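Have a look at the structure below, then the notes.
Protein chains in written order, with this note's numbering: chain G, 12 to 274; chain W, 239 to 502; chain A, 3 to 343.
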């Protein structure tokens, strides 16, 4: 266990070296939330309800999506493809650690750091916009936590899959860019998924995207019906298991070839 | 004059080489293109949904808001087409490739800014600009010939400001090698100008007009086009444009003196 | 122009360096996470004197080697001569230009080749980069064709210049990088660690190439290396730099004769040998007689090295014998310790 804690510490130290870049990254996230809150505040100055949301709900939405985004979708594994392709991954592989646990802890380190900052940023935004919040019931809160954990796993698996592209190709920013674009409007940092026309919403439900923060927030805001909770939970579990399975298979295959090539 | 043609030839060769690279990595680029189409599509969708449900956005009508967005779209994209090299600059400094730029008998600033024009974005900007013009014609806005001409002048001015921002980013890249993401700050701040910058609260509002002057680049030209009273006068806008270029060039020259070059 | 004037021009130094100083600041940080936090509040600066008052002159057609340890200041000097770095103090002139001005007329006449740095476009054939450089240096078509043919011939790369650079081997890539750097027929060549990372065969090829380039084009060549062999093979004159200071400037032969007095003999024995016996042949640096390996390292005077080697082979049970030059560090240490030449 101790060695995985070392992974955490090492990651933080590394970020510290590039602390200016990290602070800039947080600043960018801050700006993004600031923009969303400003826009919705402007929209609600002239009306009570927009797109089926009250101002209270929309503002809660923006705060929530900011926090969730930094828990679920992290970018610490962005370099994984390059590391795999160049052979740098070997240095991690030869260490007496499970590579997936190591990467998992790396991801965790990133999340913890970002969450810390998000809390500070949220406090600042709170004082600027002085929103009133909605809070879920205890039962909903627990399901919310479970869904967040499942979403985190889903995102982690997807990142691992992107990383595995490195076994075969130099970079993955093409598919990854596409992924982030779609994530941007489904996990919606600017607006929630359900303001979009139903046809688009239906299409998106074939993908794991709505489960990556949208459903969690809808639950939190009390906008889900009781009978939707179970099917959603089952869907998420299916996605999680399916992705773990695919991820493992692909990595297994990739690693076999990797060591064979003497990387 | 001969030098001008040499520079032009070099730019064309760089563009052609980048195009060849594009083909080598065509699948990646196709996905990029697709991502951009989705992003633009979703933004336009959002604006149309606002138009549908919302009658007034601060001091502007939803149709006017769309014009702000389209202006942002064009200027942001055009800068990326020409200045994509700036995104690669940090890697070049770290690997020591910037030294090559300093060794060649071509202005290193010119090289750093323009040696990697973005073909993907060039292919994207053409249809999207046509689309933008078409959308603009369907909107309920007041545009006159005078305001249109003024608009074009201010868009040119916006490109000057964009140039100076990119030069400053390059200079910062030389001075502080551990800053990654300065170019992305610029892009994110630009993004704020998708909507009229006047809706933001102080002190952000001021910063968006005079520190990273995206307000002057996008909001003011759009206001002028729509025959609204611009947040700041045209004279101030153009003066800022010229001054910013001058400042950025001085910053660049100074940064070269401080350049320490990657060790072997 | 009279002969005398010509001679005068020819004897003008092509490179002039007077009291060159180049200092820069380095931040020191303590290791560990806590050290990182501390460095947020108080950073310790250290001024590194990369080049500390160096002066020399180089004439046209000379081949000069800069020798020194890593970090001694050789690369920094070259970079100042190329106009990449701004001198902290001092005067520098190359071909009558101030390198810092970076005038195109100046840049078209010299080249800086940095080992292991790439300017070729990765996804494209080397030829595309050559054509780009042709435009950049404004090389006329005929001259370009001629120079390219000559270089391609010398380096034997005719078949590969139209293959994507990323598909080439390291050696092939290096050759193409070299061509890209020399297409404009520079009169002055700065080579910074040109053979680093190359195998023995490639190193020799490169040295031969540099030699022929110097002869063919009467180019002035300054090269830095920490491989003694590079400098030995190519340069008559050597400049030794240590910790930013110039400690020797003169004929290489003089240094080697005077300071590289010894050669190193590495021996592997098939059975145990006594130290006393070994002492007869030379100064013992290392002596390992244990377990299953019997090895020793001897320092033997240069002149007698070959003779000693044959004696050793005759008299002792030797399995393997290797004769090596002392590393440059050792020679420099000697030069430095015994005061300047």
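Built from N, CA and C at the ideal position, the CB exists for glycine as well. All of these numbers come straight from a predicted model, not from anything done at the bench.
From the DSSP output, read off the bridge partner residues of residue i.
{"i": "residue 174 (chain A)", "result": "Paired residues: none, contrary to the question."}
{"i": "residue 227 (chain A)", "result": "A:69"}
{"i": "residue 298 (chain W)", "result": "W:295"}
{"i": "residue 303 (chain A)", "result": "A:264"}
{"i": "residue 248 (chain A)", "result": "A:243"}
{"i": "residue 27 (chain A)", "result": "A:49"}
{"i": "residue 298 (chain A)", "result": "A:269, A:289"}
{"i": "residue 194 (chain G)", "result": "BP columns for residue 194 (chain G) are empty, so no partner."}
{"i": "residue 59 (chain A)", "result": "A:18"}
{"i": "residue 444 (chain W)", "result": "Paired residue(s): none; residue 444 (chain W) is not in a bridge."}
{"i": "residue 253 (chain A)", "result": "A:239"}
{"i": "residue 219 (chain G)", "result": "In DSSP, residue 219 (chain G) forms no bridge with anything."}
{"i": "residue 65 (chain G)", "result": "G:60"}
Could you tell me the boundaries of the alpha helix (DSSP H) in which residue i lies?
{"i": "residue 235 (chain A)", "result": "230-236"}
{"i": "residue 244 (chain A)", "result": "Taken as a continuous stretch (DSSP letters only), residue 244 (chain A) belongs to no alpha helix (DSSP H), being part of the beta strand (DSSP E) at 239-244."}
{"i": "residue 288 (chain A)", "result": "Here residue 288 (chain A) belongs to no alpha helix (DSSP H); instead the beta strand (DSSP E) covers 285-292."}
{"i": "residue 92 (chain A)", "result": "Run containing residue 92 (chain A): none in the alpha helix (DSSP H); it sits in the beta strand (DSSP E), 91-96."}
{"i": "residue 248 (chain W)", "result": "240-262"}
{"i": "residue 137 (chain G)", "result": "110-140"}
{"i": "residue 279 (chain A)", "result": "277-281"}
{"i": "residue 337 (chain W)", "result": "336-341"}
{"i": "residue 140 (chain A)", "result": "Premise fails: residue 140 (chain A) is in no alpha helix (DSSP H) and is neither H nor E."}
{"i": "residue 459 (chain W)", "result": "458-463"}
{"i": "residue 354 (chain W)", "result": "Looking at the DSSP string, residue 354 (chain W) is not in any alpha helix (DSSP H), and its letter there is neither H nor E."}
For residue i, tell me which candidate among the options has the shortest Cα-Cα distance.
{"i": "residue 9 (chain G)", "options": "G:173, G:187, G:223", "result": "Outside the modelled stretch of chain G, which goes from 12 to 274, sits residue 9 (chain G), for which no answer is possible."}
{"i": "residue 274 (chain W)", "options": "G:186, G:225, G:150, G:259", "result": "G:186"}
{"i": "residue 337 (chain W)", "options": "A:86, A:317, A:105, A:257", "result": "A:86"}
{"i": "residue 208 (chain G)", "options": "W:243, W:244, W:283", "result": "W:283"}
{"i": "residue 245 (chain G)", "options": "G:236, G:210, G:158, G:77", "result": "G:158"}
{"i": "residue 391 (chain W)", "options": "W:250, W:491, W:460", "result": "W:460"}
{"i": "residue 2 (chain G)", "options": "W:265, W:258, W:276, W:260", "result": "Missing from the structure shown is residue 2 (chain G); chain G here goes from 12 to 274 and no further."}
{"i": "residue 63 (chain A)", "options": "A:108, A:214, A:169", "result": "A:214"}
{"i": "residue 217 (chain A)", "options": "A:57, A:156, A:175", "result": "A:156"}
{"i": "residue 495 (chain W)", "options": "W:480, W:397, W:413", "result": "W:413"}
{"i": "residue 253 (chain A)", "options": "A:80, A:66, A:115", "result": "A:66"}
{"i": "residue 288 (chain A)", "options": "A:301, A:140, A:191, A:142", "result": "A:301"}
{"i": "residue 72 (chain G)", "options": "G:183, G:234, G:107", "result": "G:234"}
Would you kindly work out how many angstroms separate the C-alpha atoms of residue i and residue j, rounded to a whole number?
{"i": "residue 241 (chain W)", "j": "residue 98 (chain A)", "result": "23 Å"}
{"i": "residue 230 (chain A)", "j": "residue 59 (chain A)", "result": "22 Å"}
{"i": "residue 37 (chain G)", "j": "residue 125 (chain G)", "result": "8 Å"}
{"i": "residue 120 (chain G)", "j": "residue 151 (chain A)", "result": "56 Å"}
{"i": "residue 95 (chain G)", "j": "residue 394 (chain W)", "result": "44 Å"}
{"i": "residue 315 (chain W)", "j": "residue 355 (chain W)", "result": "12 Å"}
{"i": "residue 468 (chain W)", "j": "residue 474 (chain W)", "result": "11 Å"}
{"i": "residue 210 (chain A)", "j": "residue 102 (chain G)", "result": "38 Å"}
{"i": "residue 114 (chain G)", "j": "residue 88 (chain G)", "result": "8 Å"}
{"i": "residue 19 (chain G)", "j": "residue 164 (chain G)", "result": "18 Å"}
{"i": "residue 200 (chain G)", "j": "residue 44 (chain G)", "result": "8 Å"}
{"i": "residue 15 (chain A)", "j": "residue 239 (chain A)", "result": "15 Å"}
{"i": "residue 194 (chain A)", "j": "residue 116 (chain A)", "result": "5 Å"}
{"i": "residue 379 (chain A)", "j": "residue 57 (chain A)", "result": "Because chain A in this structure spans residues 3 to 343, residue 379 (chain A) falls outside the shown range and cannot be described."}
{"i": "residue 271 (chain A)", "j": "residue 257 (chain G)", "result": "58 Å"}
What residue range is occupied by the uninterrupted beta strand (DSSP E) comprising residue i?
{"i": "residue 498 (chain W)", "result": "Segment: none, residue 498 (chain W) is in no beta strand (DSSP E) and carries neither H nor E."}
{"i": "residue 116 (chain A)", "result": "112-116"}
{"i": "residue 326 (chain A)", "result": "320-326"}
{"i": "residue 192 (chain A)", "result": "190-194"}
For a test of your reading of the model: does the CB of residue i fall under 7 Å from any non-hydrogen atom of the ligand GDP? Yes or no.
{"i": "residue 30 (chain A)", "result": "As presented, the structure is devoid of all ligands, the ligand GDP included, so that no description of it is given."}
Whose Cβ in chain D lies nearer than 8 Å to the Cβ of residue i?
{"i": "residue 139 (chain A)", "result": "In the displayed structure, chain D is absent; the protein chains listed are G, W and A."}
Contacting positions in the region 245-270 of chain W - beta carbon closer than 9 Å to chain G: Answer in chain order: 263, 265, 266, 267, 268, 269, 270.
Residues of the region 321-349 of chain W with Cβ closer than 9 Å to any Cβ of chain G, in chain order: none
Residues of the region 276-307 of chain W with Cβ closer than 8 Å to any Cβ of chain G, in chain order: 276, 277, 280, 283, 284, 287, 288, 291, 292, 293, 294, 295, 296
Residues, ordered as in the chain, of the region 408-437 of chain W that lie near chain A by beta-carbon distance below 9 Å: Here the close residues number zero.
Cβ-based contacts, 7 Å cut-off: residues of the region 452-469 of chain W near chain G: none
Chain W contacts made by the region 105-126 of chain A, where a contact means CB separation under 9 Å: 105, 106, 107, 108, 109, 110, 112, 113, 114, 116, 117, 118, 119, 120, 121, 123, 124, 125, 126
Residues of the region 66-92 of chain A with Cβ closer than 7 Å to any Cβ of chain W, in chain order: Residues of the region 66-92 of chain A whose Cβ lies closer than 7 Å to any Cβ of chain W, in chain order: 77, 81, 84, 85, 86, 87, 88.
Where the region 475-490 of chain W meets chain G: residues whose CB sits under 8 Å from a CB there: The residues in question: there are none.
Residues from the region 16-49 of chain G in contact with chain W, defined by Cβ distance under 8 Å: 28, 29, 31, 32, 35, 36, 38, 39, 42, 43, 45, 46, 49
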